Amino acid sequence: MTKIIIKTEKLCKTFSSGGIQQHVLKNLDISLFEGDFTIIMGSSGSGKSTLLYAMSGMDKPTLGEIDFAGKSLSQLNNDQLAVFRRNNCGFVFQQIYLLDNMSVLDNVLASGLLVNKKKSELVQKAKELLMQVGINDNAWSKFPTQLSGGEAQRVGIVRALINNPRIVFADEPTGALNSASSESVLDVLTNVNQNGQSLVMVTHDMKTALRGNRILYLRDGVICGDLQLGGYSEQNNLERHEKLQHFLAEMGW
Numbered sequence: 001m002t003k004i005i006i007k008t009e010k011l012c013k014t015f016s017s018g019g020i021q022q023h024v025l026k027n028l029d030i031s032l033f034e035g036d037f038t039i040i041m042g043s044s045g046s047g048k049s050t051l052l053y054a055m056s057g058m059d060k061p062t063l064g065e066i067d068f069a070g071k072s073l074s075q076l077n078n079d080q081l082a083v084f085r086r087n088n089c090g091f092v093f094q095q096i097y098l099l100d101n102m103s104v105l106d107n108v109l110a111s112g113l114l115v116n117k118k119k120s121e122l123v124q125k126a127k128e129l130l131m132q133v134g135i136n137d138n139a140w141s142k143f144p145t146q147l148s149g150g151e152a153q154r155v156g157i158v159r160a161l162i163n164n165p166r167i168v169f170a171d172e173p174t175g176a177l178n179s180a181s182s183e184s185v186l187d188v189l190t191n192v193n194q195n196g197q198s199l200v201m202v203t204h205d206m207k208t209a210l211r212g213n214r215i216l217y218l219r220d221g222v223i224c225g226d227l228q229l230g231g232y233s234e235q236n237n238l239e240r241h242e243k244l245q246h247f248l249a250e251m252g253w
């Protein structure tokens, strides 16, 4: 039986502005499973990124519970949450946030050294991961401004993986990339998932969503659709495309 890695119960998030309350997430009960590539879709303002940040411990919900691998996130203070995220989560964003004054390799190592103080082990691991995503040794000493968008995002993925996270959260990771770079980044994420890494990704793009094996559709803070697509392969892509297209049409996307 597949193991649950994140479980939410009655998860709510409310923002207040000018005395008006906006209920962004409404009593969400969700189970995410180890090894899945879960995609969160929905129209703009539906609460996709808010849900991602809540499940990862980056933002605290207004009400409800989040169980992350047996740990109740509501019981942790901000400092404890920071340590928990560092040890259990990887993050990939549309804005890559590499440090411009540090080399590719040092950007990855800076994240890893927060958890593992054995630099020689980290250097070896970082180099292996960079090679796996197609960032060869002639690029390791380059600075982020010398990379293409796709290369920089692949470095961002390595940075997210360096600490062996239980789960990687990605928020529109291909949103700022051209089609060729997007495809390259999606290939990396798909390969990472097929090697057993759990992933949760927010996207508004159908082609990107096809890489997941499960689609959650969010509307006005409520999950109104849950589609099982099965594992991705080039051979079954047309069938998956038709299935997802039909699902999104039902959701009014």
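In case it helps, UniProt numbering puts the sequence shown at residues 1 to 253.
Don't be surprised by glycine CBs; every beta carbon is placed ideally from N, CA and C.
Since the structure is predicted, the reported quantities are computational estimates derived from the model, not experimental observations.
| said: Can you give me the C-alpha to C-alpha distance between Ile162 and Met206, rounded to a whole angstrom? | reply: Here residue 162 refers to the residue found at position 162 of the sequence shown. Here residue 206 refers to the residue found at position 206 of the sequence shown. Each residue's Cα considered, the two are about 29 angstroms apart.
| field | Under 8 angstroms between C-beta atoms of Asp100 and Phe169 | value | Reading the sequence shown from its first residue, position 100 is the one you call residue 100. Reading the sequence shown from its first residue, position 169 is the one you call residue 169. No. Outside cutoff.
| query | Looking at C-alpha atoms only, which residue of Glu239, Val222, Tyr232 and Leu238 is the closest neighbour of Met251? | reply | In the sequence shown, residue 251 corresponds to position 251, counting from 1. Taking only the C-alpha atoms, the option nearest Met251 is Val222.
| message | If distances are taken between C-alpha atoms only, which option among Asp187, Gly70 and Asn193 comes closest to Glu234? | response | The sequence position of residue 234 within the sequence shown is 234, counting from 1. Checking every option, the nearest Cα to that of Glu234 belongs to Asp187.
| task | Would you mind stating whether Leu199 and Phe37 have Cβ atoms separated by less than 8 angstroms? | result | For the purposes of this step, residue 199 is identified with residue 199 of the sequence shown, where counting begins at 1. For the purposes of this step, residue 37 is identified with residue 37 of the sequence shown, where counting begins at 1. A contact, by the Cβ cut-off of 8 angstroms.
| task | Could you give the DSSP three-state label for Leu210: helix, strand or coil? | result | Position 210 of the sequence shown, counted from the start, is the residue given in the question as residue 210. DSSP places Leu210 in coil when its eight states are reduced to three.
| query | Ile167 lies in the beta strand (DSSP E); which residues open and close that run? | reply | Sequence index remark: in the sequence shown, residue 167 carries index 167 (1-based). Per DSSP, Ile167 belongs to the beta strand (DSSP E) from Ile167 to Asp171.
| request: Starting from the C-beta of Asp106, find all residues in its chain whose C-beta is less than 7 angstroms away, skip the five residues before and the five after it, and write them out in chain order. | output: Against the sequence shown, residue 106 aligns to sequence position 106. The answer is none, since no qualifying residue turns up.
| Which whole-angstrom value is the C-beta distance of residue 258 and Ile39, which I expect to be below 8 angstroms? | With the chain running from 1 to 253 in the structure shown, residue 258 is simply not present.
| DSSP beta-bridge partners for Ile135? | Translated into the one-based positions of the sequence shown, residue 135 becomes position 135. None, per the DSSP bridge assignment.
| request: Within the same chain, show all residues whose beta-carbon is closer than 6 angstroms to that of Lys3, passing over the 5 residues directly before and after it, in chain order. | output: Start at 1 with the first residue of the sequence shown, and residue 3 comes out as number 3. Excluding sequence neighbours, Lys3 sits near Glu34.
| In this structure, what does DSSP give as the bridge partners for Thr38? | Reading the sequence shown from its first residue, position 38 is the one you call residue 38. According to DSSP, Thr38 bridges with Val200 and Arg214.
| request: Look up Val92 in the DSSP assignment and say whether it is helix, strand or coil. | output: Indexing the sequence shown from 1 puts residue 92 at position 92. The answer is strand: DSSP assigns Val92 an E or B state.
| task | Pick helix, strand or coil for Ser72, following the three-state DSSP scheme. | result | The sequence position of residue 72 within the sequence shown is 72, counting from 1. In this structure, Ser72 counts as strand in the three-state DSSP scheme.
| task | Using only alpha-carbon positions, find the residue among Val155, Leu129, Phe15 and Phe84 that is nearest to Val92. | result | Taking the sequence shown and counting its residues from 1, one reaches residue 92 at position 92. Of Val155, Leu129, Phe15 and Phe84, the residue nearest in Cα terms is Val155.
| Boundaries (first-last residue) of the beta strand (DSSP E) holding Asn27 | Position 27 of the sequence shown, counting from 1, holds the residue named residue 27. First-last of the beta strand (DSSP E) with Asn27: Ile20 to Phe33.
| query | Looking only at C-alpha atoms, which of Asp171, Asn88 and Ser43 sits nearest to Gln95? | reply | Looking up residue 95 in the sequence shown gives position 95. When only C-alpha atoms are compared, the closest one is Asp171.
| Through-space distance from Val158 to Leu125, alpha-carbon basis | Walking along the sequence shown from the start, residue 125 turns up at place 125. Walking along the sequence shown from the start, residue 158 turns up at place 158. First, the residue type needs correcting, since residue 125 is Lys and not Leu in the sequence shown. Distance between the alpha carbons of Lys125 and Val158 is about 10 angstroms.
| Reduced DSSP secondary structure (H/G/I, E/B, other) of Lys127 | In the sequence shown, the residue the question calls residue 127 occupies position 127. Of the three classes helix, strand and coil, the one that applies to Lys127 here is helix, per DSSP.
| request: Let me know if Met131 comes out buried or exposed under the rule of 16 or more other beta-carbons within 10 Å of its beta-carbon. | output: What you label residue 131 is simply residue 131 of the sequence shown in a count that begins at 1. Exposed, since its Cβ has fewer than 16 Cβ neighbours within 10 Å.
| message | Taking the straight line between their C-alpha atoms, what separation do you get for Cys12 and Ser31? | response | Counting from 1 along the sequence shown, the entry for residue 12 is found at position 12. Counting from 1 along the sequence shown, the entry for residue 31 is found at position 31. Taking the straight line from one Cα to the other gives about 15 angstroms.
| field | Whole-angstrom distance between Gly18 and Ala160, CA atom to CA atom | value | Along the sequence shown, read from residue 1 onward, the residue named residue 160 stands at position 160. Along the sequence shown, read from residue 1 onward, the residue named residue 18 stands at position 18. Whole-angstrom Cα-Cα distance: 37 angstroms.
| For Gly225, the first and last residue of its enclosing beta strand (DSSP E) | Sequence index remark: in the sequence shown, residue 225 carries index 225 (1-based). Per DSSP, Gly225 belongs to the beta strand (DSSP E) from Val222 to Gln228.
| task | Indicate the three-state DSSP secondary structure (helix, strand or coil) for Asp106 in the structure shown. | result | Position 106 of the sequence shown, counting from 1, holds the residue named residue 106. Asp106 falls in the helix class under three-state DSSP.
| query | What does a CB cutoff of less than 6 angstroms around residue 255 pick up in its chain, not counting 5 residues either side in sequence? | reply | For the chain, the structure presents residues 1 to 253; residue 255 sits outside this window and is missing.
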